[in-house]
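Residue numbers (our numbering), protein chains in the order written: chain A, 20 to 600; chain B, 93 to 277; chain C, 3 to 251.
Scroll down for the structure; my scribbles are underneath it.
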Amino acid sequence: MTTTRRGLLQFLGGSAVGALFTPAPWRLITDTALWSENWPGIPRPARGEARYKFTNCSLCDAGCAVRARCIGDQPVSLAGVGGGLCPFGLTAHHLPFHPARLKEGPVKEAAAAVTSAIANRGPTEHVAVLDLRPGRTASWMYRQAMASIPNGTYLAPPEPLVAVDLQKARTVLSLGAPLLDGWGTPSKVFAARDQFRLIQAEAVESRTAALADVWLPVAPGTEGALASAVTGEVDAADAARITGLSAEQVERLLNELKENGPALVVDSEMSPAVVDANVRLGGWGHTIGPRPQAPTPDAWNKAAPVADLDKVPNGSIRVLLIDESAAGAYLPWAPIEKKLAANALVVAVAPYDGGYARHAQYVLPAAIYPETMDDIPPAVDSMAATFRLAAPLVAAPAGMASVRELLGISDGLRERADAIHKVGQGLLVTYADGKSVAVKDLKADDFWKALNAGGAWTGDTKLPAERRRDEARRGREESLRHVDPEYPFTVVTERRVAGLCSPALSQIYQESNLRLAPNRIALHPSDASRCGVADGARALIETASGKREVIVTVDSSIRSGVVLAPGREDVAFTSAKVVRI
Amino acid sequence: MKALIPFVAGALVALGGGWAGFPHAIYKSRPQPVDFSHKVHAEKAGAKCEDCHAFRGDGTFAGIPALDKCTGCHAAAMGTTVAEKNFIDQYVTPGREPQWAAYARQPENVFFSHITHVKLGQVKCESCHGSQGSTDQLPRYQEDRISGYSRDIWGTAGRPGMTMDSCVACHRQQKLEHSCLDCHK
Amino acid sequence: MSPKRYGMSIDVDRCNGCGACMVACAVENNIPPAHAGVNERKGTTWIRVYKVDNGEDYAGKRSAFVPVLCQHCGEHTPCASVCPQQAVDVDPRTGIVGQMPERCLGCRYCMAACPYHARYFNWFDPAWPAGMEKTLNPDVAPRMRGVVEKCNFCHGRWHAAKERAAAAGLDDIQPGDYIPACVEACPTGALRFGDLNDSATAVAQDAKRPESFRLLEKIGTDPKIYYRSRKDWVRQIASAPKNKESFHG
Chain A
20 MTTTRRGLLQ FLGGSAVGAL FTPAPWRLIT DTALWSENWP GIPRPARGEA
70 RYKFTNCSLC DAGCAVRARC IGDQPVSLAG VGGGLCPFGL TAHHLPFHPA
120 RLKEGPVKEA AAAVTSAIAN RGPTEHVAVL DLRPGRTASW MYRQAMASIP
170 NGTYLAPPEP LVAVDLQKAR TVLSLGAPLL DGWGTPSKVF AARDQFRLIQ
220 AEAVESRTAA LADVWLPVAP GTEGALASAV TGEVDAADAA RITGLSAEQV
270 ERLLNELKEN GPALVVDSEM SPAVVDANVR LGGWGHTIGP RPQAPTPDAW
320 NKAAPVADLD KVPNGSIRVL LIDESAAGAY LPWAPIEKKL AANALVVAVA
370 PYDGGYARHA QYVLPAAIYP ETMDDIPPAV DSMAATFRLA APLVAAPAGM
420 ASVRELLGIS DGLRERADAI HKVGQGLLVT YADGKSVAVK DLKADDFWKA
470 LNAGGAWTGD TKLPAERRRD EARRGREESL RHVDPEYPFT VVTERRVAGL
520 CSPALSQIYQ ESNLRLAPNR IALHPSDASR CGVADGARAL IETASGKREV
570 IVTVDSSIRS GVVLAPGRED VAFTSAKVVR I
Chain B
93 MKALIPFVAG ALVALGGGWA GFPHAIYKSR PQPVDFSHKV HAEKAGAKCE
143 DCHAFRGDGT FAGIPALDKC TGCHAAAMGT TVAEKNFIDQ YVTPGREPQW
193 AAYARQPENV FFSHITHVKL GQVKCESCHG SQGSTDQLPR YQEDRISGYS
243 RDIWGTAGRP GMTMDSCVAC HRQQKLEHSC LDCHK
Chain C
3 MSPKRYGMSI DVDRCNGCGA CMVACAVENN IPPAHAGVNE RKGTTWIRVY
53 KVDNGEDYAG KRSAFVPVLC QHCGEHTPCA SVCPQQAVDV DPRTGIVGQM
103 PERCLGCRYC MAACPYHARY FNWFDPAWPA GMEKTLNPDV APRMRGVVEK
153 CNFCHGRWHA AKERAAAAGL DDIQPGDYIP ACVEACPTGA LRFGDLNDSA
203 TAVAQDAKRP ESFRLLEKIG TDPKIYYRSR KDWVRQIASA PKNKESFHG
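Right, dumping it as structure tokens:
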């Protein structure tokens with residue numbers, strides 16, 4: 020039989036028909052569909068037993084209680100205990116995987132350089148530690164270390180000297196403080212919201228201003244004039260002139276604070292003028308008091324005080340160790356730079372290189388929350404002393420560094436806990452079961468274990484009758500700002516958690532413009548059109564700190580003459596200009 | 093008639109190839125890491141399914157047991173079989189988890205609640221998993237080269253498959269068809 | 003098991019626009035971080051907080067924040083009725099409108115049909131920074147590009163609540179044992195969740211308050227999200243937008 024083309028075609032035709040009666044083509048279709056469901060790039064979430072771990076969030080001083088849902092040992096979601104978390108706290112379990120996170124650095128080399136520099140420095144040369152999150156137990160350890168070596172200097176941003184009790188207030192005057200947007204301990208603030216009337220004095224209609232009972236739209240940086248009006252330093256008419264409000268508004272405010280007490284005045288730093296205003300309103304010992312401190316071991320009395328940078332001789336710092344691992348607020352670099360010796364060794368320990376890294380010879384990687392073991396300074400709205408451990412939820416990778424390792428000191432946390440236990444007062448709340456136990460009913464080991472498993476110690480509140488006159492800190496100048504026509508804008512800023520934040524926050528930044536992203540500024544529509552920029556346009560903002568490229572948001576919540584730049588405490592209330600690109 | 097011979101020949105070749113040859117081509121076999129005998133454990137150890145394939149306190153199903161379940165008894169050799177010796181040498185001593193191949197693995201978007209079926213639905217293990225729990229040797233694991241799923245998903249003699257059709261058939265019969273998201277996530 | 007109607011009540015006067023709900027939703031539902039170049043029109047924000055205002059200029063301007071998510075429409079659910087793939091399903095026992103990305107072919111007809119713009123398309127393949135995929139939630143399946151997705155009232159949590167109930171031998175979940183991620187995360191307490199059919203729940207009571215309203219009530223979708231505000235200008239915007247500029251979003 021010869022094979023003809025016709026025969027071949029018939030064979031193929033028969034095969035095709037026959038194949039239809041086999042599973043092959045049908046299975047191939049199904050398989051293709053199944054294969055397309057398992058696209059190679061799509062990850063499969065890990066399965067396993069779900070467990071809960073508890074800790075406190077150390078991203079800011081609110082120190083919110085956190086419940087982490089973990090699959091195996093890996094947290095997959097975080098939630099607050101007895102209150103919600105902020106967007107930063109909710110995504111903190113992503114931070115160890117942040118692409119900008121430093122994974123390695125010359126730790127051994129830097130440690131050797133530091134030891135050698137400290138040992139071989141001249142008799143007048145200083146060793147300094149710059150602690151960007153003062154108030155922690157680590158801060159005590161640095162201060163002790165600096166006190167134990169000649170010319171040891173402890174530098175830190177200023178801490179508030181007072182604490183306030185929002186629960187006791189019936190009227191609150193907030194001078195630009197983000198009271199309803201991350202101030203203090205948010206879960207406590209929102210729990211008490213219905214008990215007080217809030218008057219927000221601020222240059223922009225911020226979130227707090229939008230939710231306040233009254234918004235007083237004042238000229239930027241002049242909020243302090245209202246505190247001065249309360250103390251009587253300035254009369255109502257003058258305060259009105261400085262702030263741009265009407266005399267009636269100021270009178271009404273002053274009356275309300277007097278008639279509808281207990282009244283409380285707050286601002287972002289609890290400046291001396293604001294403290295005085297509260298004292299004038301009779302709040303000392305009730306709504307305001309000295310900042311509390313959890314007990315410390317007696318041996319820690321030999322601790323260096325926070326140095327006044329101005330009193331440090333220029334060019335005297337030979338070694339500067341910067342702890343950026345839990346950074347709260349940054350200090351401007353220029354005044355620090357003046358104090359550095361010509362051959363100064365600057366070592367920055369940070370989770371990423373966006374902070375002081377460009378000024379340092381060595382940038383060493385730091386562990387990042389939730390890998391770190393640290394404690395959290397008390398929040399400004401905590402009248403009672405607190406001790407809260409942020410115990411690690413996951414292990415830090417190998418190769419991380421810390422300033423305390425460079426100095427050869429311990430973290431002091433167990434000693435601190437033992438000292439608190441020894442004093443024997445206060446309550447321990449444990450998050451896993453929600454129970455409260457008096458410290459005197461616990462053994463020291465159990466107290467320590469409970470703190471590590473997720474809990475918080477709160478001391479008994481002792482309110483003093485007499486106010487100690489604290490050293491007045493320099494505040495902002497309240498006089499009318501002279502407007503430089505070259506730099507017509509005043510910068511107003513919005514605080515956000517410093518440092519890295521999860522890439523998932525694109526939800527609230529670029530995917531919705533709900534919050535002003537760090538690379539954005541906001542301008543009033545009339546100012547924007549004068550600068551020739553539309554919403555979403557690129558622009559250059561120039562300040563004393565230099566130039567930065569930003570994207571513009573046009574928003575009539577912004578006062579004309581003001582530019583809102585988030586995260587720019589370094590240039591808050593200074594002049595700026597905005598130029599279209 | 094003769095003209096039809098190529099056609100019929102083609103059909104027969106296709107039928108033969110499709111039914112006999114295709115399964116060999118589309119499936120690849122993989123041996124299980126341990127030569128485990130359900131029968132021995134059920135009879136000699138008196139174990140029931142849920143002793144090893146346990147439910148956790150929150151109702152989730154632990155699935156194929158992890159190494160610590162085995163080392164509860166097999167920290168040292170309990171018998172004299174070669175299979176057990178291999179298991180101890182390769183997995184128990186170095187503390188390595190055996191990478192079992194799951195016959196019933198479902199796509200990621202499927203949510204199957206064992207406890208609902210076992211405790212509330214009173215469905216027996218054998219109804220879906222057949223006689224697997226009483227065999228002396230684990231069945232050969234055959235995996236589809238294209239989709240990556242086990243051949244057992246399509247069902248064998250003696251037990252229903254685990255495709256969506258099989259689940260829906262039973263749910264329809266039990267009048268428990270409510271919403272897609274009952275079984276999808 | 004009596005049929006439930008799961009819904010939410012949202013206090014607009016309490017919402018401070020922090021975005022915690024948006025972020026908690028992304029964490030719970032394995033929503034990947036946005037690709038570079040994604041803007042507010044291409045984002046995947048199953049719950050999205052919009053900023054609205056009274057239309058005045060500075061000094062007279064007052065803003066408010068309105069979280070908008072899938073309203074789980076009860077009546078003639080628009081998205082369900084247009085889907086050619088039957089990838090949308092209304093559960094008669096819970097009232098939840100379920101989206102099945104695995105059935106979706108990506109025609110986006112449902113996105114056009116949804117009056118609340120509450121449906122989102124996966125324009126890109128999901129991508130997480132290296133290692134961050136370890137933080138994914140196993141209770142929710144990640145989606146591929148080319149399919150539509152939306153809020154399912156955290157169905158993974160409903161599954162988990164049902165398993166806990168089954169472990170206790172119960173047929174029905176405990177009220178309060180099932181709470182979506184956004185409601186759990188809200189720091190101000192503006193969001194509440196529960197069974198609208200159960201008059202004892204806070205949500206059912208909130209729905210009956212005089213200051214409660216629903217979005218676009220006139221079109222008759224019977225949504226299950228009840229908003230409330232004592233501010234007249236907010237209520238006016240919700241029933242009839244004054245002008246386009248008042249909506250920021």
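Positions of the beta carbon are idealized from the N, C-alpha and C atoms, including for glycine.
Using C-beta distances below 8 Å, list every residue in its chain close to residue 232 (chain A), excluding the 5 sequence neighbours before and after it, in chain order. Numbered from 1 along the first sequence, position 213 holds the residue referred to as residue 232 (chain A). Contacts found: 216, 217 and 218.
According to DSSP, simplified to helix, strand and coil, what is residue 509 (chain A)? Position 490 of the first sequence, counting from 1, holds the residue named residue 509 (chain A). Residue 509 (chain A) falls in the strand class under three-state DSSP.
Alpha helix (DSSP H) segments (min. 4 residues) lying fully within the region 103-158 of chain B: 114-118, 130-135 and 141-144
Answer with yes or no whether the minimum CB distance from residue 169 (chain C) to chain B is below 8 Å. In the third sequence, residue 169 (chain C) corresponds to position 167, counting from 1. For residue 169 (chain C), the answer is yes, since a Cβ of chain B falls inside 8 Å of its Cβ.
| request: Answer with yes or no whether the minimum CB distance from residue 5 (chain C) to chain B is below 8 Å. | output: Walking along the third sequence from the start, residue 5 (chain C) turns up at place 3. No, no contact with chain B.
Pairwise C-alpha distance: residue 164 (chain C) and residue 209 (chain A) = Your numbering for residue 209 (chain A) matches position 190 in the first sequence. Your numbering for residue 164 (chain C) matches position 162 in the third sequence. About 32 Å.
Is the closest heavy atom of the ligand PLP to the C-beta of residue 145 (chain A) under 7 Å? The ligand PLP is not part of this structure, which contains no ligands at all.
For chain B, find out if any of its Cβ atoms is closer than 8 Å to the Cβ of residue 182 (chain C); answer yes or no. Counting from one through the third sequence, the residue named residue 182 (chain C) turns up at place 180. No, its Cβ sits nowhere closer than 8 Å to a Cβ of chain B.
Can you tell me which of the three DSSP states residue 568 (chain A) falls into? One-based indexing of the first sequence puts residue 568 (chain A) at position 549. Here residue 568 (chain A) sits in strand by DSSP.
Inset, instruction - Kindly indicate if chain A contains any beta-carbon less than 8 Å away from that of residue 205 (chain B). - result: If you number the second sequence from 1, residue 205 (chain B) lands on position 113. Closer than 8 Å: no.
- Thinking just about the alpha-carbon of each residue, which of A:244, A:53 and A:136 is nearest to the one in residue 291 (chain A)? As a working mapping, residue 291 (chain A) is identified with position 272 in the first sequence. Closest by C-alpha distance to residue 291 (chain A), out of A:244, A:53 and A:136, is A:244.
Supposed contact pair residue 91 (chain C) and residue 272 (chain B) - C-beta distance, whole angstroms, cut 8 Å
As a first step, residue 272 (chain B) must be located in the second sequence, where it is residue number 180. As a first step, residue 91 (chain C) must be located in the third sequence, where it is residue number 89. Contact holds; Cβ gap of about 4 Å.
Taking just the CA atoms, how far does residue 141 (chain C) sit from residue 153 (chain B)? As a first step, residue 153 (chain B) is located in the second sequence; it is residue number 61 there, counting from the start. As a first step, residue 141 (chain C) is located in the third sequence; it is residue number 139 there, counting from the start. Distance between the alpha carbons of residue 153 (chain B) and residue 141 (chain C): 13 Å.
**Prompt:** Which parts of the region 423-493 of chain A are runs of the alpha helix (DSSP H), unbroken and 4 residues or longer, counting only runs that do not cross its ends?
**Reply:** 432-442 and 463-471
Under the rule that 16 or more other beta-carbon atoms within 10 Å means buried, what is residue 193 (chain A), buried or exposed?
Residue numbering aside, residue 193 (chain A) sits at position 174 when the first sequence is read from its first letter. Classification for residue 193 (chain A): buried.
### Query
Mind listing which residues of the region 47-65 of chain A have their C-beta closer than 9 Å to chain B's C-betas, in chain order?
47, 49, 50, 51, 52, 53, 54, 56, 57, 61, 63 and 64
| If you measure beta-carbon to beta-carbon, which residues of the region 127-158 of chain B are closer than 9 Å to chain C? | 147, 148, 149, 150, 151, 152 and 153
field: residue 286 (chain A) versus residue 152 (chain A) - alpha carbon distance
entry: The residue labelled residue 286 (chain A) in the question sits at position 267 within the first sequence. The residue labelled residue 152 (chain A) in the question sits at position 133 within the first sequence. Their Cα atoms are separated by approximately 19 Å.
- Is the Cβ-Cβ distance between residue 184 (chain A) and residue 402 (chain A) less than 8 Å? By one-based count along the first sequence, residue 184 (chain A) stands at place 165. By one-based count along the first sequence, residue 402 (chain A) stands at place 383. In contact: residue 184 (chain A) and residue 402 (chain A) (Cβ atoms closer than 8 Å).
Using a Cβ-Cβ distance under 8 Å, would residue 146 (chain C) count as near chain B?
The residue labelled residue 146 (chain C) in the question sits at position 144 within the third sequence. No, residue 146 (chain C) lies away from the interface with chain B (no Cβ there is under 8 Å from its Cβ).
_Less than 8 Å between CB atoms is the rule here; does residue 96 (chain A) satisfy it with respect to chain B?_
The count along the first sequence starts at 1 and reaches residue 96 (chain A) at position 77. No, because no Cβ of chain B sits closer than 8 Å to the Cβ of residue 96 (chain A).
Status (buried if at least 16 other CB within 10 Å, exposed otherwise) for residue 74 (chain C):
By one-based count along the third sequence, residue 74 (chain C) stands at place 72. It counts as buried.
Q | Endpoints, the alpha helix (DSSP H) within which residue 413 (chain A) is located | A | Numbered from 1 along the first sequence, position 394 holds the residue referred to as residue 413 (chain A). Here residue 413 (chain A) belongs to no alpha helix (DSSP H), and DSSP marks it neither H nor E.
* Is it true that the region 510-523 of chain A meets the region 582-599 of chain A, where meeting means three or more beta-carbon pairs spaced less than 8 Å apart? -> yes
Cβ of residue 411 (chain A) within 8 Å of Cβ of residue 389 (chain A)? Your numbering for residue 411 (chain A) matches position 392 in the first sequence. Your numbering for residue 389 (chain A) matches position 370 in the first sequence. Cβ atoms of residue 411 (chain A) and residue 389 (chain A): closer than 8 Å.
*Partners in chain B for residue 545 (chain A), counting only beta-carbon separations shorter than 8 Å*: Within the first sequence, the letter at position 526 stands for residue 545 (chain A). Per Cβ cutoff of 8 Å: no residues; residue 545 (chain A) is ~50 Å from chain B at best.
Q.
Rounding to the nearest angstrom, what Cα-Cα distance links residue 157 (chain C) and residue 105 (chain C) in this structure?
A. Translated into the one-based positions of the third sequence, residue 157 (chain C) becomes position 155. Translated into the one-based positions of the third sequence, residue 105 (chain C) becomes position 103. When rounded, the distance between both Cα atoms is 17 Å.
Q) Just to confirm, are residue 540 (chain A) and residue 582 (chain A) a CB contact at a threshold of 8 Å? A) Translated into the one-based positions of the first sequence, residue 540 (chain A) becomes position 521. Translated into the one-based positions of the first sequence, residue 582 (chain A) becomes position 563. Yes; because the gap between Cβ atoms is below 8 Å, this pair is in contact.
**Asked** Residues in its own chain within less than 6 Å of residue 251 (chain B) by CB, not counting five upstream and five downstream?
**Response** Position 159 of the second sequence, counted from the first residue, corresponds to residue 251 (chain B). Excluding five sequence positions before and after residue 251 (chain B), the CB atoms of its chain that fall closer than 6 Å to its own CB belong to 222, given in chain order.
Subject >> Contact list for residue 270 (chain B) against chain C, beta-carbon separation under 7 Å >> reply: Here the question's residue 270 (chain B) lines up with position 178 in the second sequence. Chain C residues near residue 270 (chain B): 93, 94 and 95.
For this session: Go ahead and pull the three-state DSSP assignment for residue 178 (chain B).
Result: Residue mapping note: residue 178 (chain B) aligns to position 86 of the second sequence, counting from 1. Residue 178 (chain B) falls in the helix class under three-state DSSP.
Problem set entry | Partners in chain C for residue 532 (chain A), counting only beta-carbon separations shorter than 7 Å | As a first step, residue 532 (chain A) must be located in the first sequence, where it is residue number 513. Within chain C, the residues near residue 532 (chain A) are 42.
#### Entry: Cβ-Cβ distance between residue 603 (chain A) and residue 337 (chain A) below 8 Å
Since the first residue shown for chain A is 20 and the last is 600, residue 603 (chain A) is missing from the structure and cannot be characterised.
- Following the continuous alpha helix (DSSP H) through residue 44 (chain A), name the residue where it begins and the one where it ends. Taking the first residue of the first sequence as position 1, residue 44 (chain A) is located at position 25. Per DSSP, residue 44 (chain A) belongs to the alpha helix (DSSP H) from 43-56.
Buried or exposed: where does residue 408 (chain A) fall if 16 or more other Cβ atoms within 10 Å of its Cβ makes it buried?
Within the first sequence, the letter at position 389 stands for residue 408 (chain A). Buried, since its Cβ has 16 or more Cβ neighbours within 10 Å.
Exercise. What residue range is occupied by the uninterrupted beta strand (DSSP E) comprising residue 80 (chain C)?
Worked result: Here residue 80 (chain C) corresponds to residue number 78 of the third sequence, with the count starting at 1. No beta strand (DSSP E) contains residue 80 (chain C), which is instead part of the alpha helix (DSSP H) from 80-84.
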